[in-house]
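Numbering (my numbering), first residue to last: 1009 to 1410.
Where a beta carbon is used, it is the ideal one built from N, C-alpha and C, also for glycine.
Below is one structure, written out as structure tokens; the observations come after it.
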Ligand SMILES: *Cc1c(COP(=O)(O)O)cnc(C)c1O
């Protein structure tokens, strides 16, 4: 039987929800391939998605095999303590297993850290144009936000340290940063850690560290040894190719690790993720291929931008931020050609697009589509971008259209 839903009352639970929860602006994820295919009537196999900093090599075979084997045991709960994975990570980083917290993606780690140290009225500090989850995690708790203006699109660590006051409980630093791709050398991080009072937690988010040239990679576990207030966050979503499985981890001293583990869900990392993570951490060949492919792709993209006389931020990660002018219009013109990148106006960068490094041929598709999109006649105002297929484009299937 059908009944008409009653209108939500002024006094219903939604209206009663805490103001800081109602004020959350949802995370804007990269557009899924299937969604673009549906909306524009495109063949999903011809769509190129360079929008979420995913690994273009796809899930490693070593992980696929581990997942297939672990699938037989899915009737049981995962190991709540992730014993084997923590042991492997502890050995890699030469720290006790008691210093490792596993997360459902490193996003989980960032949220656990915010929940461990923030409460309404107490605040976090992060940089302008820094990763959106720092704001979200703070907002979810009703914490105060202090956003420190960027310097040349990167973190201004001196200003961030100077912004610490009595209400500061946590500082988020992304190195390299997303969406800008900027990097802070080890000496600057060390000076920052010295400057921040020990009572303030510092989260050093190193989601892209595996993409750094070896000479720039820091031994961040050694920093944890020297700084009991430091939480280093890592992920297996990027260079290790497991974005869909959701695995990340933190390295921090016992006291902090104990707090994070009390807050986490008892089974926050699922059985398939635990198995795949161990496999890929032992798959040096995959990591080496990821790194090499990314170096080559960065060069390919950045040299194309130079040729096209587009300004870009030299990247230390697996994506490049490029200035295109009316980014929403260029984004829409790329979508019409079956290429998905990421607009970053929500990061205060309305003239820029972030493009993830793809396979060489995907990068070419993007570069060609961008050249096409930047021709004046292909830019319709973003607001009137109709989901009409481009007839002249061979990638596009004709469709009934929504
Ligand atoms: C992608 C990303 C993450 C987290 O990814 P997970 O998939 O949740 O591990 C964390 N920090 C930054 C800066 C990122 O770009």
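Given the structure, does residue i come close to ligand 1, in the sense that its CB is under 7 angstroms from one of the ligand's heavy atoms?
i, result
"residue 1031", "no"
"residue 1246", "yes"
"residue 1061", "yes"
Return the residue from the list the options that minimises the CA-CA distance to residue i.
i, options, result
"residue 1126", "1187, 1166, 1059, 1207", "1207"
"residue 1255", "1247, 1277, 1211", "1277"
"residue 1322", "1335, 1342, 1362, 1350", "1362"
"residue 1221", "1348, 1304, 1359", "1304"
"residue 1359", "1334, 1175, 1280, 1156", "1334"
"residue 1239", "1224, 1247, 1213", "1213"
"residue 1330", "1324, 1336, 1319", "1319"
"residue 1090", "1286, 1160, 1195, 1114", "1286"
"residue 1227", "1170, 1103, 1077, 1025", "1103"
"residue 1156", "1150, 1167, 1146, 1147", "1167"
"residue 1378", "1338, 1355, 1351", "1338"
"residue 1051", "1019, 1267, 1041, 1325", "1041"
"residue 1093", "1345, 1281, 1291, 1235", "1281"
"residue 1106", "1151, 1353, 1259", "1259"
"residue 1243", "1069, 1173, 1215, 1182", "1215"
"residue 1101", "1070, 1085, 1154, 1232", "1232"
"residue 1251", "1115, 1297, 1131", "1115"
"residue 1172", "1121, 1035, 1119, 1201", "1201"
"residue 1288", "1175, 1219, 1074, 1308", "1074"
"residue 1326", "1065, 1109, 1012", "1065"
"residue 1345", "1145, 1332, 1381, 1247", "1381"
"residue 1247", "1298, 1223, 1309", "1298"
"residue 1485", "1174, 1162, 1341, 1062", "Since the displayed the chain opens at 1009 and closes at 1410, residue 1485 lies outside it and no answer follows."
"residue 1342", "1111, 1096, 1039", "1039"
"residue 1313", "1376, 1295, 1060, 1294", "1376"
"residue 1365", "1076, 1219, 1028, 1071", "1219"
"residue 1294", "1099, 1070, 1192", "1070"
"residue 1196", "1034, 1162, 1306, 1270", "1162"
"residue 1030", "1144, 1085, 1112, 1044", "1144"
What would DSSP say about residue i, mapped onto helix, strand or coil?
i, result
"residue 1058", "coil"
"residue 1135", "strand"
"residue 1405", "Because the pLDDT at residue 1405 is just 28, under 50, the model does not fix this residue reliably, and the value given afterwards should be weighed accordingly. Looking at residue 1405 - three-state DSSP - the assignment turns out to be coil, as it is neither helix nor strand."
"residue 1052", "helix"
"residue 1022", "helix"
"residue 1155", "strand"
"residue 1041", "helix"
"residue 1087", "coil"
"residue 1266", "helix"
"residue 1261", "coil"
"residue 1066", "coil"
"residue 1189", "coil"
"residue 1150", "coil"
"residue 1075", "helix"
"residue 1094", "helix"
"residue 1306", "helix"
"residue 1103", "coil"
"residue 1011", "coil"
"residue 1029", "helix"
"residue 1286", "helix"
"residue 1046", "helix"
"residue 1272", "coil"
"residue 1413", "Outside the modelled stretch of the chain, which goes from 1009 to 1410, sits residue 1413, for which no answer is possible."
"residue 1141", "helix"
"residue 1280", "helix"
Q | Complete runs of the beta strand (DSSP E) confined to the stretch 1157-1182 [at least 3 residues] | A | 1176-1182
(Q) Considering only heavy atoms of ligand 1 and the C-beta of each residue, which residues fall inside 5 angstroms, strictly closer? (A) 1113, 1114, 1115, 1139, 1182, 1186, 1213, 1215, 1243, 1245, 1256
**Q.** Complete beta strand (DSSP E) runs within the stretch 1106-1131 (minimum length 3 residues, chain order)
**A.** 1108-1111
**Q.** In chain order, each beta strand (DSSP E) run of at least 3 residues that lies wholly inside the stretch 1194-1258
**A.** 1209-1213, 1238-1243
Q: Please list the segments of the beta strand (DSSP E) lying wholly inside the stretch 1321-1386, counting only runs of 3 or more residues, in order along the chain.
A: 1327-1331, 1360-1364
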